[in-house]
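Trainee: Once you've had a glance at the structure underneath, I'll fire off some questions.
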Amino acid sequence: MRLISLILMLILPGAVAAQDWSLLKEPGTVALMRHALAPGVGDPSNFDLEDCSTQRNLDDRGREQARQIGAAMREAGVQFDAVWTSQWCRCTETAELLDMGTPEEFPALNSHFAGQGDPEGQAAEVMARIKDMPPEARLLLVTHQVNVSELTGTGTTSGEIVVARRTGTGLDVVGRISVAP
1 MRLISLILML ILPGAVAAQD WSLLKEPGTV ALMRHALAPG VGDPSNFDLE DCSTQRNLDD
61 RGREQARQIG AAMREAGVQF DAVWTSQWCR CTETAELLDM GTPEEFPALN SHFAGQGDPE
121 GQAAEVMARI KDMPPEARLL LVTHQVNVSE LTGTGTTSGE IVVARRTGTG LDVVGRISVA
181 P
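Using UniProt numbering, read the sequence shown as starting at 1 and increasing by one per residue.
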C-alpha cells in the first residue's frame, strides 16, 4: 500500500512532489490543512456540534486520504509541536487519522461558512495563539476552507495543506501540499 501511495503521489497531477515535505520540517512552520474529503457543501440544517450524525462527515475516501497524508508525513520525518483542530467531526477525525500528535480542539478553528461564526475575530484569536507559541514551534491546524482562506488569503481543496511562515503581520504562504485521494 505504501508503494502505491508513493507512486500515486509522484504521478498524479496536483499530487505531492517529494521536496515539498521538507517545508513542513522547517522551524516555525504553520501547516493549515483543510479536513479530508467529506462529500457535500456546508452542513445539514439540523447541525449540532455535539452530534456527528448531524454533520457532513468524512467518507471512506476521506479517511484513507487522511491516513495517507499522515503516513507520508511520518515517512518524511515530519513532526509537529502542536496539532490544533476545529471541533467539527470531519476535522477532529482527520486530525486523529493523521496520527501526528494528540489533537487539541480549538474553537477559533471552527467553520464560519454561510454566516456562522466570526471570521475576523476567529482569525485574530488563531493568530494570537500562534504568536504565543515559541517562534520555532511547528504547528498543524486542521480546519475548514473558509478558515484557511481567512488566515492566508488562499483557498484550498480537501486534504490540502497550505504551508506558511509567521511574519510580523500574519502568515506568508510558502507552499502547498496535496495528496490525491
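Just so it is clear, CB atoms sit at the ideal spot from N, CA and C, and this is done for glycine as well.
(1) Just list the beta strand (DSSP E) runs in the region 65-117, keeping only unbroken ones of 3 residues or longer that don't cross its boundaries, in chain order.
(2) Measuring only the C-alpha atoms, how far is Asp172 from Phe106?
(3) Determine the extent of the beta strand (DSSP E) in which Val179 is found, giving its start and end residues.
(4) Under 8 Å, do Val163 and Val174 count as touching if we go by C-beta distance?
(5) Is it the case that the Cβ atoms of Leu141 and Met133 are separated by a distance below 8 Å?
(6) Kindly list the residues whose CB is nearer than 6 Å to the CB of Thr156, restricted to its own chain and excluding five residues on each side of it in sequence; keep chain order.
(7) Under three-state DSSP, which class holds residue 194?
(8) Can you say whether Arg90 is buried or exposed, counting buried as having 16 or more other CB atoms within 10 angstroms of its CB?
(9) Using C-beta distances below 6 Å, list every residue in its chain close to Ala123, excluding the 5 sequence neighbours before and after it, in chain order.
(10) Near Gly40, what residues of its chain come up, given a Cβ to Cβ distance below 6 Å and the 5 sequence neighbours on each side ignored?
(11) DSSP has Leu140 in a bridge; who is on the other side?
(12) Just how far apart, CA to CA, sit Ala95 and Arg166?
(13) Across which residues does DSSP place Asp172 in a beta bridge pair?
(14) Identify the continuous alpha helix (DSSP H) that holds Pro119 and give its terminal residues.
Mentor: In terms of the structure at hand:
(1) 82-85 and 103-105
(2) 22 Å
(3) Counting along the chain, Val179 falls outside any beta strand (DSSP E), and DSSP gives it neither H nor E.
(4) yes
(5) no
(6) Arg34, Gln145, Val148 and Val162
(7) For residue 194 there is no data in the structure shown, the boundaries of the chain being 1 and 181.
(8) buried
(9) Glu150 and Leu151
(10) Arg56
(11) Ala31 and Val83
(12) 22 Å
(13) Arg165
(14) Pro119 to Asp132
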